[in-house]
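Asker: Heads up: the sequence shown runs through residues 1 to 103, numbered per UniProt numbering.
Backbone N, C-alpha and C define an ideal beta-carbon position, used for all residues, glycine too.
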Amino acid sequence: MHGNPLYHWIALAAAGVLMLLPAIAILRGWVPPWMRRRYTGGLRPRAYALLCLFGGMVANGAPRLANASYDVVMVAGLVGIGFYGLAAVLFVLSAIKDSRASG
């Protein structure tokens, strides 16, 4: 076993509440109250970045919960790092999009 499975379940549940639900809501057209005052042109890439962060959490947590072999866990970890890198790129693109729109 790759650690206590309870910790992985808690991390996935927290990621679902903190990243997945807001991303889905934003993609469906909801704008958070603290972002209504400023330009929200980069809001859609931020939602996709949250989805990538959630994908990275699932890629890292699911093999551990399934008690997969070391090689599978390592490959899934690399996939998770790819998701995190893509999320970083999307966050930067959303910041650029916001700065171009406001300036």
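Out of 82, 41, 20, 90, which has the shortest C-alpha to C-alpha gap to residue 98?
Answerer: When only C-alpha atoms are compared, the closest one is 41.
Asker: Evaluate residue 3 with the Cβ neighbour count: other Cβ atoms within 10 Å of its Cβ, from every protein chain shown; 16 or more gives buried, anything less gives exposed.
Answerer: Under this definition residue 3 is an exposed residue.
Asker: With three or more C-beta pairs closer than 8 Å as the rule, is the region 21-36 touching the region 68-80?
Answerer: In short, these stretches do not touch, since the Cβ pair count stays below three.
Asker: On a Cα-Cα basis, can you pick out the residue from 93, 59, 13, 87 that is closest to residue 78?
Answerer: With distances taken between Cα atoms, residue 78 lies closest to 59.
Asker: For residue 12 and residue 61, which I take to be in contact (beta-carbon distance under 8 Å), what is that distance rounded to the nearest angstrom?
Answerer: That pair is a contact at about 5 Å.
Asker: Would you report the Cα separation of residue 16 and residue 94, rounded to the nearest angstrom?
Answerer: Rounded to the nearest angstrom, the two C-alpha atoms are 22 Å apart.
Asker: Less than 8 Å between the CB atoms is what I'm expecting for residue 23 and residue 51, so what's the real figure, rounded?
Answerer: Right, the Cβ-Cβ distance comes to about 5 Å (below 8 Å), so this counts as a contact.
Asker: Helix, strand or coil: which one does DSSP assign to residue 94?
Answerer: Three-state DSSP puts residue 94 in a helix.
Asker: Can you name, in chain order, every residue of its own chain whose Cβ lies under 6 Å from the Cβ of residue 5, other than the five neighbours on each side?
Answerer: Excluding residues within five positions, the ones whose Cβ falls inside 6 Å are 65.
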